[in-house]
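Engineer: Residue numbers (my numbering): 224 to 664. Ideal Cβ positions, reconstructed from N, Cα and C, are used throughout, including at glycine. Have a look at this one.
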């Protein structure tokens with residue numbers, strides 16, 4: 224019995240509160256007055272923050288007027304509401320039940336809140352740990368992706384270098400990766416520079432290889448060309464030596480003359496070989512000077528006049544304006560014009576003509592010099608090879624044994640050193656034209 228003579232039986236309440244808290248340690252028990260005033264409770268007085276509880280939620284709970292859950296005031300908090308249970312307390316006075324108050328039970332009290340808070344904190348901590356772990360994993364993944372993206376150009380460059388080192392020049396395998404020369408990325412610019420270096424090295428290697436092949440071919444041709452006059456020279460000298468006492472003065476003179484002719488042919492061939500080797504040097508630079516090209520060309524034709532008359536070939540120059548000046552190396556230009564006119568003369572027949580023509584070039588500040596003949600012409604299939612050393616066209620005319628096949632190769636190189644190109648056009652049976660440009664003075 225909780226009430227005695229209209230008052231609260233604290234001893235009975237203490238025992239009741241103790242028993243009920245053993246059964247439900249998370250419950251908080253209060254005895255409220257009819258107006259919701261807190262009469263007694265199952266906790267320390269200093270824990271109580273609110274001395275009056277709103278009675279309306281209690282009446283709604285008892286009367287079943289509202290749907291659950293119904294929240295009521297928590298005396299331990301100034302503003303919190305919690306789920307509760309309640310029961311009216313009546314006392315019989317003169318045979319009538321008089322309401323003395325309410326038993327007010329907070330479900331999930333402060334201890335429960337502490338445990339819940341602790342569990343929530345533990346859950347938050349666990350969630351934080353997992354979040355941190357996931358963030359670190361994501362960060363690591365991002366770093367790995369960024370590292371892969373940043374190092375991919377470097378790995379490409381390393382692969383290109385490895386391939387270039389393994390393949391070398393023999394297989395002609397150059398790096399295939401495309402690099403941006405003007406990129407802001409230093410690796411891209413480095414890759415572009417490496418590609419340029421590899422291409423330059425490959426070109427130099429191919430040039431050296433081709434030069435070596437041409438040199439071997441040249442040596443083979445030279446050995447053949449030298450062998451013939453050398454054998455002839457040796458044969459005539461041996462004949463003269465063995466039959467010296469038997470030969471007349473005229474016969475001895477003829478043998479010596481033929482031997483001298485072969486010696487001169489060998490001398491010219493050797494001079495041309497030295498000339499070609501000298502002109503192939505990368506460091507050579509020609510010294511040029513101003514000269515009248517018409518006057519210079521006339522001097523070249525003058526040297527050929529006697530032979531041209533003997534073959535009934537007409538020599539001419541157009542125009543004969545002595546004021547036309549060009550910049551050239553006199554000695555080398557003389558070699559070119561002499562060789563080209565001599566070739567034209569050897570491949571011309573009676574009634575043909577050879578003309579040196581001077582016209583403005585399509586290149587600004589230059590003149591075009593052409594050597595045009597109406598001779599035998601060159602077969603179309605032979606045109607790509609006429610500048611190769613020792614090449615002989617199918618209709619080539621040797622002419623008194625003085626043509627070594629090096630003249631056009633030397634002339635081509637001399638014109639290249641003048642900053643131009645020796646070109647040829649020809650039709651078989653109609654004639655041939657060699658042309659090149661020289662800078663105007």
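1. For residue 518, does the three-state DSSP call read helix, strand or coil?
2. Does the segment 540-554 come close enough to the segment 511-522 that 3 or more CB-CB pairs lie under 8 Å?
3. Does DSSP classify residue 589 as helix, strand or coil?
4. Taking DSSP as the reference, what is the three-state secondary structure of residue 622?
5. Give the DSSP-derived three-state secondary structure of residue 501 in the structure shown.
6. Taking 7 Å as the limit between beta carbons, can you name the residues of its chain near residue 255, skipping five residues before and five after?
7. What whole-angstrom Cβ distance do residue 304 and residue 294 have, given they're in contact under 8 Å?
8. Quick test of your reading: residue 460 and residue 489, contact by CB under 8 Å. State the CB separation rounded to the nearest angstrom.
9. At 4 residues or longer, and completely inside the segment 421-487: list those alpha helix (DSSP H) runs for me, N to C.
10. In or out: residue 570 buried (at least 16 other Cβ within 10 Å) or exposed?
11. When you compare the segment 642-660 with the segment 584-597, are there three or more beta-carbon pairs, one atom per stretch, that lie closer than 8 Å?
12. Within 10 angstroms of the Cβ of residue 408, are there 16 or more other Cβ atoms? Answer buried if so, exposed if not.
13. List in chain order: all unbroken alpha helix (DSSP H) runs of 4+ residues lying wholly within the segment 622-658.
14. Could you tell me the boundaries of the alpha helix (DSSP H) in which residue 555 lies?
15. Check whether the segment 531-545 and the segment 578-587 are in contact - that is, three or more C-beta pairs closer than 8 Å.
16. Measuring straight from C-alpha to C-alpha, what distance separates residue 412 and residue 425?
17. CA-CA distance, residue 648 and residue 563?
18. Which residues in the same chain as residue 322 place their Cβ atom closer than 7 Å to its Cβ, once the five residues preceding and following it in sequence are excluded?
19. Could you tell me which residues DSSP pairs with residue 578 in its beta bridges?
20. In three-state DSSP terms, what is residue 330?
21. Our contact map puts residue 612 next to residue 632 with C-beta atoms below 8 Å; I'd like the distance itself, whole angstroms only.
22. What are the start and end residues of the alpha helix (DSSP H) that includes residue 283?
23. Contact check, residue 456 vs residue 636 under 8 Å by CB: the rounded distance?
24. Does DSSP put residue 316 in a helix, in a strand, or in coil?
25. Residue 310 bridges to which residues according to DSSP?
26. Please classify residue 607: is it buried, with 16 or more other beta-carbons within 10 angstroms of its beta-carbon, or exposed?
27. Determine whether the beta carbon atoms of residue 453 and residue 463 lie at a separation below 9 Å.
28. Between the alpha carbons of residue 273 and residue 297, how many angstroms are there, rounded?
29. Looking at residue 518 and residue 545, is the spacing between their C-beta atoms short of 9 Å?
30. If I measure Cβ to Cβ from residue 575 and keep anything under 7 Å in the same chain, skipping five residues before and after, which residues do I get?
31. Considering only the beta carbon of each residue, do residue 573 and residue 534 sit closer than 9 Å?
32. Hey, how far is the Cα of residue 376 from the Cα of residue 365?
Structural biologist: Straight from the coordinates:
1. helix
2. yes
3. strand
4. Below a pLDDT of 50, predicted positions are generally treated as unreliable, and residue 622, at 49, falls in that range; no measurement from the model is reported.
5. helix
6. 261, 262, 276, 324, 325 and 327
7. 4 Å
8. 13 Å between Cβ atoms; not a contact.
9. none
10. buried
11. yes
12. exposed
13. 630-640
14. 553-569
15. yes
16. 20 Å
17. 13 Å
18. 257, 311 and 313
19. 539 and 595
20. strand
21. 4 Å
22. 279-286
23. Their Cβ separation, rounded to whole angstroms, is 29 Å, which puts residue 456 and residue 636 out of contact at 8 Å.
24. strand
25. 326
26. exposed
27. no
28. 8 Å
29. yes
30. 536, 596, 597 and 598
31. yes
32. 18 Å
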